[in-house]
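Take a look at the structure set out below.
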Amino acid sequence: MPSTWIVIRIDGCHFHRFSDVHEFVKPNDKQALNLMNACAVAVVKEFPDIVFSYGVSDEYSFVLKKDSHFYQRHTSEIVSAIVSLFTSVYITKWKDFFHKKELKYPPYFDGRAVCYPSVEILRDYLAWRQVDCHINNQYNTCFWELVKSGKSKSEAQNFLKGTQTGDKEKLLKQFGIDYHKLPAMFRQGSSIFWDKEDITMMHENEKPGGNSLKSVIVEHCNIIEPSFWAAHPTILYSAKVETTCRSFVPTSMKALSLWSPVLTYPTLARLVLALHVLAKLWKGVWTSKIRASLMMTRLKCGFVLGCAAYPSSDVVLETHREEELTG
Numbered sequence: 000m001p002s003t004w005i006v007i008r009i010d011g012c013h014f015h016r017f018s019d020v021h022e023f024v025k026p027n028d029k030q031a032l033n034l035m036n037a038c039a040v041a042v043v044k045e046f047p048d049i050v051f052s053y054g055v056s057d058e059y060s061f062v063l064k065k066d067s068h069f070y071q072r073h074t075s076e077i078v079s080a081i082v083s084l085f086t087s088v089y090i091t092k093w094k095d096f097f098h099k100k101e102l103k104y105p106p107y108f109d110g111r112a113v114c115y116p117s118v119e120i121l122r123d124y125l126a127w128r129q130v131d132c133h134i135n136n137q138y139n140t141c142f143w144e145l146v147k148s149g150k151s152k153s154e155a156q157n158f159l160k161g162t163q164t165g166d167k168e169k170l171l172k173q174f175g176i177d178y179h180k181l182p183a184m185f186r187q188g189s190s191i192f193w194d195k196e197d198i199t200m201m202h203e204n205e206k207p208g209g210n211s212l213k214s215v216i217v218e219h220c221n222i223i224e225p226s227f228w229a230a231h232p233t234i235l236y237s238a239k240v241e242t243t244c245r246s247f248v249p250t251s252m253k254a255l256s257l258w259s260p261v262l263t264y265p266t267l268a269r270l271v272l273a274l275h276v277l278a279k280l281w282k283g284v285w286t287s288k289i290r291a292s293l294m295m296t297r298l299k300c301g302f303v304l305g306c307a308a309y310p311s312s313d314v315v316l317e318t319h320r321e322e323e324l325t326g
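Here it is, written out as structure tokens:
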């Protein structure tokens with residue numbers, strides 16, 4: 000489907016067995032998650048049409064830019080390229096993260112492609128994945144603490160039935176764990192994207208554009224709130240828009256970049272770009288806030304929003320489950 004955001008979501012196949020055979024730490028194996036992140040970084044670097052990716056546990060979602068013509072938008076070819084590269088990197092980088100563990104058999108992943116027609120629906124999808132990360136991580140943390148305390152897995156599951164977020168937080172405090180102080184990667188997943196770092200300051204006689212260094216970064220942050228997307232407007236909007244916004248920075252503002260090493264000309268241009276993006280999203284901001292509020296309300300109740308909130312054939316209603324590779 001043309002002029003839509005293509006999202007490729009990959010999932011580990013039978014990763015419950017894979018994690019058991021390779022003795023991953025429960026509920027979260029930091030090295031296993033960092034290996035997944037390294038694979039995703041390699042994919043983002045290899046395929047420049049990918050503008051954003053989000054990962055949790057044994058899954059990763061890759062967002063292609065809206066006007067992408069990657070493989071002429073043939074989803075089967077896109078899926079096979081991303082899945083095969085991700086899997087091969089996982090195998091080749093195994094020793095970088097597990098120095099003392101042999102890879103006893105290779106993992107494999109499946110993939111699917113879904114098209115999202117608007118930024119709002121795309122962000123809803125990504126927010127849904129992050130909410131799922133919160134819910135499953137809190138559940139799994141409680142589950143494995145109960146198992147460590149002497150309960151069987153079935154006893155731990157029965158104990159947690161019907162519990163809400165507040166109940167789980169109280170339970171974790173009994174084990175000396177403050178859920179909100181757990182590593183952000185466990186609670187919020189991993190976001191990977193290209194970011195620009197200005198390396199020169201634009202002076203009055205310089206042409207717009209400046210010098211910048213692009214690099215792929217990994218962050219563990221809240222992507223549900225609009226503030227993340229306002230801080231990184233070029234993820235969902237092309238560089239052409241940024242260049243256009245630079246041309247709208249008044250000449251008089253160049254004096255600020257000369258006066259302050261912080262307010263460089265490229266930085267001012269980014270501020271204009273951020274305002275441009277916020278103006279475009281203004282109609283959807285309040286809707287997004289309402290959606291985020293609903294998500295967090297469901298989070299407190301221990302449920303995930305279902306298909307009605309996320310119009311995609313890829314979305315199914317999910318409940319508490321023990322993750323195969325927790326994150």
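Residue numbers (numbering that gives the first Met the number 0): 0 to 326. Using N, Cα and C, we set each Cβ at its ideal position, and we do this for glycine too. Owing to the predicted nature of the structure, the values given are computational and were not obtained by experimental measurement.
Residues near residue i by beta carbon distance below 7 Å, same chain, minus five either side
i: C141; result: L159, K167, L170, L171
i: V146; result: K152, A155
i: D10; result: D57, E58, F108, D109
Opposing strand residues paired with residue i [DSSP bridges]
i: I7; result: F61, A112
i: K213; result: K195
i: E218; result: S190
Same chain, Cβ closer than 6 Å to residue i, neighbours up to 5 away in sequence not counted
i: A37; result: K92
i: W143; result: K25, P26
i: V118; result: L235
i: F174; result: E144
i: F185; result: N27, N136
i: V50; result: V62, K64, I234
i: V217; result: N36, S189, I191
i: L121; result: W4, Y115
i: S67; result: D48
i: A41; result: V88
Pick from the options that is closest to residue i, judged by C-alpha positions
i: Y107; options: S214, Q129, Q71, S18; result: S18
i: L125; options: C12, S148, W228, G11; result: W228
i: V88; options: V55, K100, A39; result: A39
i: K65; options: V55, S189, T3, K100; result: T3
i: S52; options: Q129, I176, K180, K150; result: Q129
i: P105; options: V217, V20, Y178, E218; result: V20
i: Q30; options: S60, F97, I176; result: F97
i: C12; options: D123, V82, N221; result: V82
i: V6; options: K103, L32, S75; result: S75
i: I223; options: L34, D95, D131; result: D131
i: R111; options: K213, I176, F23, I77; result: I77
i: L181; options: N139, R8, G161; result: N139
8 Å Cβ shell around residue i - same chain, five flanking residues per side excluded
i: P1; result: R72
i: E45; result: L84
i: H231; result: F192, D194
i: V43; result: I49, S52, F61, I191, F192, W193, V215
i: N221; result: Q129, Q187, F227
Bounding residues of the alpha helix (DSSP H) (the contiguous stretch that carries residue i)
i: F227; result: 225 to 230
i: S18; result: 14 to 20
Closer than 7 Å to chain D by CB, residue i
i: F192; result: No chain D is part of this structure, which consists of one protein chain only.
**OP:** Pick out the complete beta strand (DSSP E) segments inside the region 29 to 95, 3 residues or longer, and give them in chain order.
**Re:** The region 29 to 95 contains these whole beta strand (DSSP E) runs: 49 to 55, 58 to 63.
Subject >> Runs of beta strand (DSSP E) wholly within the region 98 to 175 (minimum 3 residues, chain order) >> reply: 108 to 115
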